[in-house]
Every structure is written in C-alpha cells, then in structure tokens.
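Undergrad:
Residue numbers (this note's numbering): 1 to 383.
(1) In the DSSP assignment, what residue or residues form a beta bridge with residue 74?
(2) Could you pull out every residue in the same chain whose Cβ sits closer than 8 Å to the Cβ of residue 367, ignoring the five residues on either side in sequence?
(3) Report the partner residues of residue 257 according to the DSSP bridge assignment.
(4) Does DSSP put residue 156 in a helix, in a strand, or in coil?
(5) Quick one: is residue 216 near chain D, going by C-beta distance under 9 Å?
(6) Write down the C-beta distance between residue 139 and residue 252 rounded to the nearest angstrom, noting that I regard them as a contact closer than 8 Å.
(7) So which of 70, 69, 65, 45 has the shortest CA-CA distance to residue 58?
(8) Would you mind reading off the limits of the alpha helix (DSSP H) that contains residue 317?
(9) Report the residue from 323, 98, 336, 286 whose alpha carbon sits nearest the alpha carbon of residue 303.
(10) To the nearest angstrom, how far is the alpha carbon of residue 118 from that of residue 142?
(11) Please confirm whether residue 80 and residue 50 have their CB atoms less than 9 Å apart.
(12) Verify whether the separation of the beta carbon atoms of residue 14 and residue 22 is less than 9 Å.
(13) So is residue 163 buried or exposed if we call it buried at 16+ other beta carbons inside 10 Å?
(14) How about the segment 87-100 and the segment 62-73: do they share at least three Cβ pairs that are nearer than 8 Å?
(15) Three or more C-beta pairs closer than 8 Å, one from the segment 317-329 and one from the segment 268-287: is that the case here?
(16) Looking at the secondary structure, which residues open and close the beta strand (DSSP E) in which residue 325 lies?
(17) Which residues in the same chain as residue 185 place their Cβ atom closer than 6 Å to its Cβ, once the five residues preceding and following it in sequence are excluded?
(18) Roughly how many angstroms separate the alpha carbons of residue 10 and residue 39, rounded to a whole number?
(19) Please name the residue in 47, 352, 71 whose C-alpha comes closest to that of residue 60.
(20) Whole angstroms is fine: what's the gap from residue 312's alpha carbon to residue 332's?
(21) How many Å lie between residue 158 and residue 326 at the Cα?
(22) Got a sec, what are the start and stop residues for the beta strand (DSSP E) residue 243 sits in?
(23) In this structure, what does DSSP give as the bridge partners for residue 56?
(24) Is residue 234 buried or exposed, if buried means 16 or more other CB atoms sit within 10 Å of its CB?
(25) Is it right to say residue 261 is buried, meaning 16 or more other beta carbons lie within 10 angstroms of its own, or is it exposed?
(26) Could you check what DSSP says for residue 202 in three-state terms: helix, strand or coil?
(27) Measure from the alpha carbon of residue 3 to the alpha carbon of each residue in 116, 128, 114, 37, then state which is nearest.
(28) Touch check for the segment 342-351 and the segment 291-302: three-plus C-beta pairs under 8 Å?
(29) Is any heavy atom in the ligand ATP found nearer than 8 Å to the beta carbon of residue 291?
(30) Are the beta-carbon atoms of residue 125 and residue 16 separated by less than 9 Å?
(31) Would residue 309 be called buried (16 or more neighbouring beta carbons within 10 Å of its own) or exposed?
(32) How about the segment 242-257 and the segment 224-231: do they share at least three Cβ pairs that are nearer than 8 Å?
(33) Please report the straight-line C-alpha distance between residue 379 and residue 369, rounded to a whole angstrom.
(34) Quick one: Cα of residue 212 to Cα of residue 1, how far?
(35) Could you tell me which residues DSSP puts in a beta bridge with residue 164?
(36) Expressed to the nearest angstrom, what Euclidean distance is found between the alpha-carbon atoms of residue 386 and residue 145?
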C-alpha cells in the first residue's frame, strides 16, 4: 500500500493518506479502520438543484466527502471496502450529518483519521506500507480437467483463477483424450502467465491426488524450452510437485503442514506462523503445563512474565468494544516488553483459521504454570 502522507500528534491523534494497490492492501486497510474513525475520499452522490423556475433537477456529482464511520463492510470477492457513516466535514453539496457510504476500491486515494493510533494500528500501518512486498506462495490444485489457482500471502489465502475443461473418457486409442489434455495444459500454462507473478512468488506448488500435476510440470518445462519462455525456465526450480488428497480449498491446510512444502516456503511469514502453531501443538503433547490458550489464561501468563511465544489472531483487534481492544493491545505490548515473540495471525489465512479454534489467542510458556489449567480456556478477560 502506498503511503502518501502521515501526521500524528503527541496524544496519538492523527491521519494517514493511503492508496491500496492490491488485494492484500484492502485487508490491511480493513484491519486499520474502526468505528468512529474518519474516512476522506472522492465519491459519487446524487445532488438536487433547484432551477430559477422552481423545478428540481438531480445530477450525480463526483465530490470529496469525509464520513465518521459507523459500519465497515469488507468484500473480498469484489476487492472493495464500504464505509457507511455521517458526513462530518462542511461541504457545499452535502449537509452535515447526512448519511453516505464510501466505496474504496484498488487505487482509490483515501485519508484515514483516528482520535488515537495505538501500537497495533501503527504496526499494521508499517506492515501495510512496507515497500518490500511479502513473498507469496502460489498453489495450483490440479486433476484432469480442473485446476484451482490460489495465492497465499502473509495475510490472505485468495482464489485467483480456475481452469475447467471437460475431457473425453480414456479409451483403447487415447488420441482424443491426449489432445484435450494438451488443451487443458495450455489453459493452465496461460493461467500461470496471467495470474501468478513469478518475479514475486517464492514457490509454486503443483498439487493434486494423481499424476496430472507431474505430467503438467514436465509438459510446461518442455513448452517453455520450445517457445523460449525465459522467465518460466529461470524460475523452474520454484515449481514443486506435491501430493494433495483433493483439489478443493481445504487441501491448503494439508499442504502447508507438509514437510517438503515447509522447506520451500521457509522464509515466508506464513511459514513462521505455521511453525509457531506446530511448536504449540507439540508442547501440548509433551509439556501441557507450558501452554496457555484463551484470553484469561494468556492474560494470567503474561502477568507472571511466563510467555515465550504469543500468537494472536487479528480479528481480536477489530473488536467493536474499544476497552476490550485496548486490553488485547496492552497484552501484546506487555508480552513484547518481557521479551516474548509476538505473532499476529490473519483470520483470512489457513494458520489464522486454526488459531481461531483456540479462541484466537494462545501462548507457549518459558516455564510450567500448572495452575493456569484451572482457568476456563473459554473465559473472557472480564470473567
């Protein structure tokens, strides 16, 4: 995400002018914004004008508006965020307090204002506007006639493309089948060219239950050699063929826990999150007194300076209850001050979905705390 300008006062009040440039930026923006913030952006609104004869004319004008946010809707499929609220800045076309919905799409400039930018907001802003793009992992889940394309970034698991082609049944003479399979491979190859940025992705996983993925990989390298596709040839070591039980999205979790896959994505943020989760589950088996999960358990462990690794899902920071959000932010800051490693998981990622099953917050401890087990893991901070 492009940061055009930011200014903050000593009390934490401030604003940042941003341009979301890709899908991941919109997710960061969704996490940055909350009810009560202000959003300034260009928008379209029907304006009524009264003529000299008393007739009322309606026209749609492009104007700049600032709304105080009441509700936020994140539309992942449409790549848009909708901010609904009331106009809070003088405007010659719109009355103060009039209701309006701003739609922020890719490459739309906006200014986000807050009464207080806390530590998690500032961290999110830094990550969102980091000029070094996060490494991505592309996953092609393939079987004969069907390929589902997914992109895994640090925060998103996004469906980006699908190739579906009816193949004739295999018979004694497979000429028609072979021709159709080549057509299918050509469409998948073109899908990679159109939807996978090979300069950016760390690895491309070709996965599926049969041998189609292996056949495609051999065909693709041969095709690239014959056509002189230097980019594919330069990046051919990034293509990894692995087994998956199916070609649907649930196979992503299975893939990311595969040892071969973990080696391929070793330097990505997703890998760090998966490793932290894996260490947590191993500790549950070996030393259950050295883990905690659930808000109340984790809070008590931080109070005792016992947390070594803290894992929190980002949805906890989107809590409409400002006091509760403040408590979660304080927990992360206190754990960091104590030297703990803090990992913020995305609820839109496979790893974040797993963490949400543990109430969204968990930790591995420096030393055993058997008394923590007496606290209900479902207990909230106010219980």
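Note that CB positions come from ideal geometry on N, CA and C, so glycine has one too.
TA: Reading from the atomic positions:
(1) Translated into the one-based positions of the chain shown, residue 74 becomes position 74. Residue 74 is bridged to 81.
(2) Residue mapping note: residue 367 aligns to position 367 of the chain shown, counting from 1. Once the five neighbours on either side are set aside, the close Cβ partners of residue 367 are 290, 306.
(3) Looking up residue 257 in the chain shown gives position 257. None, per the DSSP bridge assignment.
(4) For the purposes of this step, residue 156 is taken as residue 156 along the chain shown, with counting starting at 1. Looking at residue 156 - three-state DSSP - the assignment turns out to be coil, as it is neither helix nor strand.
(5) The structure shown contains no chain D, having only a single protein chain.
(6) Numbered from 1 along the chain shown, position 139 holds the residue referred to as residue 139. Numbered from 1 along the chain shown, position 252 holds the residue referred to as residue 252. At roughly 6 Å, the Cβ-Cβ gap stays under 8 Å, so residue 139 and residue 252 are in contact.
(7) What you label residue 58 is simply residue 58 of the chain shown in a count that begins at 1. Considering only alpha carbons, the answer is 45.
(8) Here residue 317 refers to the residue found at position 317 of the chain shown. Note, residue 317: premise wrong, no alpha helix (DSSP H); not H, not E.
(9) In the chain shown, counting from the first residue as 1, residue 303 sits at position 303. Out of 323, 98, 336, 286, 336 has the C-alpha closest to the C-alpha of residue 303.
(10) As a first step, residue 118 must be located in the chain shown, where it is residue number 118. As a first step, residue 142 must be located in the chain shown, where it is residue number 142. Cα-Cα distance, rounded: 44 Å.
(11) Here residue 80 refers to the residue found at position 80 when the chain shown is read from its first residue. Here residue 50 refers to the residue found at position 50 when the chain shown is read from its first residue. No, these two residues do not count as a Cβ contact at 9 Å.
(12) Numbered from its first residue, the chain shown carries residue 14 at position 14. Numbered from its first residue, the chain shown carries residue 22 at position 22. Contact flag unset, no.
(13) The residue you call residue 163 lines up with position 163 of the chain shown. Note on residue 163: 16 or more other CB atoms within 10 angstroms of its CB, so buried under the neighbour-count rule.
(14) A contact exists between the segment 87-100 and the segment 62-73.
(15) Counting Cβ pairs under 8 Å, fewer than three are found: no touch.
(16) Numbered from 1 along the chain shown, position 325 holds the residue referred to as residue 325. Element bounds for residue 325: not the beta strand (DSSP E) but the alpha helix (DSSP H), 322-337.
(17) Reading the chain shown from its first residue, position 185 is the one you call residue 185. Hits under 6 Å: 216, 219.
(18) Walking along the chain shown from the start, residue 10 turns up at place 10. Walking along the chain shown from the start, residue 39 turns up at place 39. Using only the alpha carbons, I get a separation of about 21 Å.
(19) Sequence index remark: in the chain shown, residue 60 carries index 60 (1-based). The shortest C-alpha to C-alpha distance from residue 60 to any of 47, 352, 71 is the one to 47.
(20) To locate residue 312, count along the chain shown from 1; it is residue 312. To locate residue 332, count along the chain shown from 1; it is residue 332. So the two alpha carbons sit approximately 8 Å from each other.
(21) Taking the first residue of the chain shown as 1, we reach residue 158 at position 158. Taking the first residue of the chain shown as 1, we reach residue 326 at position 326. Near 30 Å, if we compare the C-alpha coordinates of residue 326 and residue 158.
(22) Taking the chain shown and counting its residues from 1, the one referred to as residue 243 is at position 243. Looking at the DSSP string, the run of the beta strand (DSSP E) that includes residue 243 is 239-243.
(23) Taking the chain shown and counting its residues from 1, the one referred to as residue 56 is at position 56. Beta bridge pairing from DSSP links residue 56 with 50.
(24) The sequence position of residue 234 within the chain shown is 234, counting from 1. The residue is exposed, with fewer than 16 neighbouring Cβ atoms inside 10 Å.
(25) As a first step, residue 261 must be located in the chain shown, where it is residue number 261. That one is buried.
(26) Your numbering for residue 202 matches position 202 in the chain shown. Strand, per DSSP.
(27) For the purposes of this step, residue 3 is taken as residue 3 along the chain shown, with counting starting at 1. It is 128.
(28) Below 8 Å, too few C-beta pairs join the segment 342-351 and the segment 291-302 to call them touching: fewer than three.
(29) Absent from the structure shown: the ligand ATP. Ligands present: none.
(30) Residue numbering aside, residue 125 sits at position 125 when the chain shown is read from its first letter. Residue numbering aside, residue 16 sits at position 16 when the chain shown is read from its first letter. Cβ distance < 9 Å, so residue 125 and residue 16 count as in contact.
(31) Numbered from 1 along the chain shown, position 309 holds the residue referred to as residue 309. A residue is called buried once 16 or more other Cβ atoms fall within 10 Å of its Cβ, and residue 309 is buried on that count.
(32) The segment 242-257 makes no contact with the segment 224-231, as fewer than three CB pairs between them are under 8 Å.
(33) Your numbering for residue 379 matches position 379 in the chain shown. Your numbering for residue 369 matches position 369 in the chain shown. When rounded, the distance between both Cα atoms is 17 Å.
(34) Here residue 212 refers to the residue found at position 212 when the chain shown is read from its first residue. Here residue 1 refers to the residue found at position 1 when the chain shown is read from its first residue. Rounded to whole angstroms, residue 212 to residue 1 spans 38 Å at the Cα level.
(35) Position 164 of the chain shown holds residue 164. Assignment of beta-bridge partners to residue 164 by DSSP yields 146.
(36) Absent from the model: residue 386. The displayed extent of the chain is 1 to 383, so no value can be given.
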